[in-house]
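For reference, each letter of the sequence shown is one residue, going 5 to 841 in the working numbering. All residues carry an ideal CB built from backbone N, CA and C; glycine is no exception. Values in this document were obtained by computation on a predicted structure and should not be read as measured data. Notes follow once the structure below has been shown.
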Amino acid sequence: MKLVIVESPAKAKTIEKYLGPGHRVLASYGHVRDLPAKDGSVDPDDGFAMDWETYPDKAKQLKAIADEAKKADALVLATDPDREGEAISWHVQEVLRKKKLLPADTQRVTFNAITKSAVTEAMAHPRGLDEDLIDAYKARRALDYLVGFTLSPILWRKLPGAKSAGRVQSVALRLIVDREREIEAFRAQEYWQVAATFESDGTSFTARLVGLDGKKIERLTIGDAGSAEAAKKVVEEGRFTVGSVETKPLSKNPPPPFTTSTLQQEAARKLGFSASHTMRLAQSLYEDGLITYMRTDGVQMAGEAISAARRAVADRYDAGYLPDKPRHYSTKAKNAQEAHEAIRPTDFSKDLGGSGDHARLYSLIYNRALASQMASARLERTTVELTDGAGRATLRATGQVVLFPGFMALYDEGRDDSADEDGGRMPLLRSGDAPAKTAVEATQHFTQPPPRFSEASLVKRLEELGIGRPSTYASTLQTLKDREYVRVDKNRFIPEESGRLVTAFLERFFERYVSYDYTAELEEELDDVSGGRLDWQKLLEAFWRDFKPKAGEVMEQKPSDITAALDEFLSPWLFPDKGDGSDPRLCPLCGTGHLSLRGGKFGAFIACSNYPDCKYTRPFGQGGEGEAPAPAELGNGIELKTGRFGPYLERDGKRASIPKDVPQDGLTTELAEQLLALPRTIGDHPETGKPITASIGRYGPYLAHDGKYARLKSTAEVLETGMNAAVARLAEAASGAGRARGGAREPLATLGAHPASGVEVKVMDGRYGPYVTDGTTHATLPKSADPKAVTLDEAVALIDARAAKGPPAKKGKRKPAAAKKAPAKKAATKKAPAKKG
């Protein structure tokens, strides 16, 4: 009997069916061991020896594997065909070796698709474990551990409010922060464009002014309304004829099939999927045998797949859409490892149909792979120049016509950011023609700052720089969101103040380790380890030799010295030049103090040097222009103030924070009165006679009644919810997932929206321990998990796994108290313990 180990139960079931009798296929459920989150898990003084620890929630599965290994004649390690898959196989092998249960015949097989032919072919050609790939895994894991467990304690002690820093995450965060700095430093320039609309043979087209009085008109040439009006008048008065017509044929080739990175980018552009959601869907499609392995940076397809794709093109389109020869691609990505195929369907005759996320992603993969073997699109670009009789003005019109769509009939690649497009269809014009001028316009424009990164453009930039690996991008970006170093607004990354502060700290004190070039060089060295060209311990020795003393040097500095250095480093952003010669650090409240960066228990903030006489403060990063957040009078003695934690209201010593969903410019005296009066009593509950109140707490707006709570969605609901709605909300909460002994409780953490449903995912404290929920499905957290450190990705994985198993079996009803056996008299005479408060 052969024992075969794969990662997921879905794969195990399918592969056991393919292999038939004589095979037992079990899942490891991913990684079975990791470095424990404590000091000493990697020992640099002992050759970087690693102290691996089995995941507690994998003990049961490892026991099942061990029990089967006792009976097996051979062990086949068939985990995924990449570095992580190799590492999982190695961990399983090492666990069995320590238990002295490792079969003498141990093999490693890999397959790029879960189809019967791919699996049986792989089983016929086993190999040993790839030690170089395992060494690269160990080096990468040790690097991430050493950086995280060295930098994070420094951050906790020296940088108020900071959480932790990862090796690749910190560099990705720097990209986002650097782009924000570019945007803030950008100064818009005004420019004007003059264009005329013409008509010929019933077709309209637009031509822009490109020359005036012998001067070339470029984008910023016309910079004010007066110049624009003068140019417009010349065009209005001119009689234009066609001076030249230039027609150029164009050919556009199809893009290659997807890699991990391009799939994440295109799914973000076309489907609006996050990188993590895309990878979850792709994993499911792979395990269902529908696509090839989804973690790859290769762009080539296997010969039989190319043949199948060409047959599918021939069946679907006429002969003109099939090129004479198959297309072959090579990657341009830095440090690409092309050992695997591109992502493609396993069967080009299979179309999923449907409109769900799985079907939409499969369709994207299918169309891209099929288009890669289709004919090029043929286009024609026409450029027409028109001049006026006086020779003062020159206009230019461009148009692009698709003569033959080729692959574009099926697929056209998306773009991250808008770009100038060629004009539409042009009428047939010849030199000397005088099309009719129908309108002239002068339009004002302003230059635009560089766009913030989307998930697609950030993944593309990381790949271009050679930072990280495609398989890690989804978790890297999710970590930045989970740590609240960034937020996403309109699908664009915006750095939070905490993210800017961490980046500034790392740039100031660990500049080399967050530099783009150094991080890319480290990736190249890790690739050298994978290829057997570099010893993994030598890589770690070289890194640690420089990193350890640098970390020690920073750790010895006083927090006040760190804050002073950051104050200087961030000065241009925190205290920008006001342009009037005044000191941007001058305190706007007392007029004599000097503003500087300070650190407190709850994070960084700006304060006056005259403290405690002057109590001026403002949040870190807010009010950088130096304008005073002096108290603003709203009426009825209510003042609007700004403190360390943001804007708040105050009257007669009573304060109320201004909720995030209440804009300050819409704050009226009436609304301020209502906020200061919270909690609001809605009335007495019709059943209990006890009051129901509405208020805003640490976790947002809520209802309270007799020790029980119900969440509200907005400040407006706090102020407007009536008795009927309140009773209904409380009843829903009492019967819902959040109920525990004593009533519904506030969540331990709110992690963000579920990528598939959009419903908020929360960590709750239940009767039987902490669990995660999307409001419909509840999944218990492993005992080893810290409920406050759970990431959205981890929570979604638990919820999805629980949902896939179906609803839990109903337990039998508890016997009524009267049916219980009466206790012995001796026990009954014991003194009852005092009730705890």
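Look at the region 100-148 and you find these whole runs of alpha helix (DSSP H), each 4 residues long or longer: 120-127. For the pair residue 242 and residue 232, the Cα-to-Cα distance works out to about 15 angstroms.
By the Cβ-count criterion, residue 432 is exposed, with fewer than 16 other Cβ atoms from all chains shown falling within 10 Å of its own Cβ. Rounded to whole angstroms, residue 465 and residue 272 show a C-alpha spacing of 14 angstroms. Exclusion of the five residues before and after residue 541 leaves 51, 52 as the residues of its chain whose Cβ lies within less than 7 angstroms of its Cβ.
Cα atoms of residue 330 and residue 85: separation of roughly 26 angstroms, rounded to the nearest angstrom. Here residue 54 carries a strand assignment [DSSP, helix/strand/coil]. The beta carbon of residue 588 sits closer than 7 angstroms to those of 579, 580, 581, 582, 630, all from its chain and outside the five residues before and after it, given in chain order. When only Cα atoms are considered, residue 228 and residue 312 end up about 60 angstroms apart. Secondary structure at residue 281: helix, using DSSP grouped into helix, strand and coil.
Around the beta carbon of residue 129, fewer than 16 other beta carbons lie within 10 angstroms, which makes this residue exposed. Annotation note: the region 190-277 contains the following uninterrupted beta strand (DSSP E) runs of length 3 or greater, listed N- to C-terminal: 194-204, 207-216, 244-256. At the C-beta level, residue 461 and residue 140 stay beyond 9 angstroms of one another.
Boundaries of the beta strand (DSSP E) around residue 765: 764-770.
For residue 19, there is no enclosing beta strand (DSSP E); the enclosing alpha helix (DSSP H) has its first and last residue at 13-23.
Looking only at 319, 394, 250, 217, the smallest Cα-Cα distance to residue 235 is reached by 217. For residue 404, the enclosing beta strand (DSSP E) starts and ends at 397-408. For residue 362, the three-state secondary structure derived from DSSP is helix.
It is roughly 7 angstroms from the alpha-carbon of residue 90 to the alpha-carbon of residue 133.
For residue 108, the number of other beta carbons within 10 angstroms of its own is below 16, and it is reported as exposed. The region 469-487 and the region 166-175 touch, with three or more beta-carbon pairs separated by less than 8 angstroms. Where residue 707 is concerned, the enclosing beta strand (DSSP E) starts and stops at 704-709.
Judged by beta-carbon spacing, residue 802 lies within the 9 angstroms limit of residue 783, meaning their Cβ atoms are closer than that value. A distance of 9 angstroms or more separates the beta carbons of residue 410 and residue 385. Going by DSSP, residue 391 is part of the beta strand (DSSP E) stretching over 381-392. Contact annotation, residue 807 with residue 781: C-beta distance approximately 5 angstroms; criterion of less than 8 angstroms satisfied. Taking C-beta atoms as the reference points, residue 454 and residue 369 fail to come closer than 9 angstroms. Taking C-beta separations shorter than 6 angstroms and ignoring five residues to either side along the sequence, the partners of residue 695 in its chain run 685, 688, following chain order.
Short of 7 angstroms from the beta carbon of residue 66, and not among the five residues preceding or following it, lie these beta carbons of its own chain, in chain order: 36, 58, 99. With distances taken between CA atoms, residue 516 lies nearest to 547 out of 486, 547, 498.
In this structure, the straight-line span from the alpha carbon of residue 612 to that of residue 593 is close to 9 angstroms.
Membership of residue 443 in the beta strand (DSSP E) is indicated by the continuous run 440-450. By the criterion of at least three beta-carbon pairs nearer than 8 angstroms, the region 241-256 is in contact with the region 385-398. Counting along the chain, the unbroken beta strand (DSSP E) around residue 661 starts and ends at 658-661. Residue 645 carries a strand assignment under DSSP once its states are collapsed to helix, strand and coil.
Remark: C-beta atoms of residue 179 and residue 168 do not approach each other more closely than 9 angstroms.
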